Amino acid sequence: MNKTWRPTPLIAASLALHAGAAGALLWQPGAWPWWLGSLVADHALLTAAGLWPRSRLLGPNWTRLPEAAAARSEVAVTIDDGPDPEATPRVLDLLDQAGARATFFCIGQQARRYPALCREIVARGHAVENHSQHHHHSFSLRGPRALAREVDAAQQTLAEITGVKPRFFRAPAGLRNPFLEPVLHRRDLTLASWTRRAFDTRQRDPARVLAILSRDLAGGDILLLHDAHAARTLSGQPVILDVLPGLLDAIRRQGLNTVTLAEALDGAANRIQS
Numbered sequence: 001m002n003k004t005w006r007p008t009p010l011i012a013a014s015l016a017l018h019a020g021a022a023g024a025l026l027w028q029p030g031a032w033p034w035w036l037g038s039l040v041a042d043h044a045l046l047t048a049a050g051l052w053p054r055s056r057l058l059g060p061n062w063t064r065l066p067e068a069a070a071a072r073s074e075v076a077v078t079i080d081d082g083p084d085p086e087a088t089p090r091v092l093d094l095l096d097q098a099g100a101r102a103t104f105f106c107i108g109q110q111a112r113r114y115p116a117l118c119r120e121i122v123a124r125g126h127a128v129e130n131h132s133q134h135h136h137h138s139f140s141l142r143g144p145r146a147l148a149r150e151v152d153a154a155q156q157t158l159a160e161i162t163g164v165k166p167r168f169f170r171a172p173a174g175l176r177n178p179f180l181e182p183v184l185h186r187r188d189l190t191l192a193s194w195t196r197r198a199f200d201t202r203q204r205d206p207a208r209v210l211a212i213l214s215r216d217l218a219g220g221d222i223l224l225l226h227d228a229h230a231a232r233t234l235s236g237q238p239v240i241l242d243v244l245p246g247l248l249d250a251i252r253r254q255g256l257n258t259v260t261l262a263e264a265l266d267g268a269a270n271r272i273q274s
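Counting from 1, position 268 in the sequence shown corresponds to residue 268 in full-length UniProt numbering; the numbering is continuous, with no gaps.
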């Protein structure tokens, strides 16, 4: 991988604007209101880009699987915020029953609490990827050093527990800022968001969640669910447990195959080489 990070056009324009504003203020101090307004607008645009989880304005971002994976009728079921001692074992059983694979974006400190669950995820043929060490709600407000600490701590935690180094990162709630992409680039981590989510941390109706996730299912889709922090159904169990069987059945009926994100990436590479 090329270790030289290259900013996106938006970030490059922002850097140029800041440099231009600094130079202009030295030569024309009286123009400061105009430059201040420009910088405020620039920061507002950067903030909006960071609040849009599927945006590529701040850097590469998987919102779908590679085209080769889509052509192979592959989809990815991704499950966030675990491992969870109540939901994760039952999710694994449901996946086994369907012969399906999933990608679990795990929180580092959760993995420390339940290391056996993380190892079980990998032992059953699924993938564990990086979802930060603490899942701070203020993640997207932090500077590059703080972001690097969160990413590195989770990377070390998950690699030590599972024996497999994560290759993908998902930001807490999908929110980020312009400092994240250089951190990920230097660590060979790929940012992954999703094609479709159903807000199953708030939506308690399994039928509604299933309808959203299964709508227009197609090869290349990345679907998002939660094993931890999931909303509860009226019967009191995590929504994912009622949704997953129907979702996996819908995927099968559409002639699609579930893969982990790493399998989709490796399969695309192998297809190019062959």
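Note that CB positions come from ideal geometry on N, CA and C, so glycine has one too. In this text the structure is predicted, and so the values were computed from the model without any measurement.
Can you tell me whether residue i is helix, strand or coil according to DSSP?
i    : result
T4   : coil
I222 : strand
W32  : Caution applies to W32, whose pLDDT of 44 falls short of 50 and renders its modelled position unreliable; the value that the coordinates give is listed next. Residue state, collapsed to three classes: helix.
D80  : strand
L117 : helix
L45  : helix
A12  : helix
R149 : helix
A264 : helix
R196 : strand
Q254 : coil
Whole angstroms are fine: how far does the CA of residue j sit from the CA of residue i?
i           : j    : result
A146        : P89  : 32 Å
S14         : L248 : 43 Å
A148        : R176 : 13 Å
D227        : A16  : 43 Å
V128        : F105 : 6 Å
F168        : R202 : 25 Å
R119        : E150 : 21 Å
residue 275 : E181 : Only positions 1 to 274 of the chain appear in the structure, and residue 275 is not among them; the question remains open.
I222        : R170 : 12 Å
W5          : R56  : 15 Å
D242        : R64  : 25 Å
L95         : G125 : 10 Å
Is there a Cβ from chain B that is less than 8 Å from the Cβ of residue i?
i    : result
R176 : In summary, chain B is missing from the structure at hand, where a single protein chain is found.
Kindly identify the DSSP beta-bridge partner or partners of residue i.
i    : result
P238 : R232
T88  : T88 is not bridged to any residue.
N177 : For N177, which the question treats as bridged, DSSP gives no partner whatsoever.
F168 : T190
E129 : F105
T201 : According to DSSP, T201 bridges with nothing at all.
V259 : Answer is none; V259 lacks a bridge partner.
Could you give the C-beta distance for residue i and residue j, rounded to a whole number, given that I count them as a contact under 8 Å?
i           : j    : result
L244        : V91  : 6 Å
G236        : L210 : Contact doesn't hold; Cβ gap of about 18 Å is too wide.
residue 355 : G82  : Coverage of the chain is limited to positions 1 through 274, which leaves residue 355 absent and any answer about it impossible.
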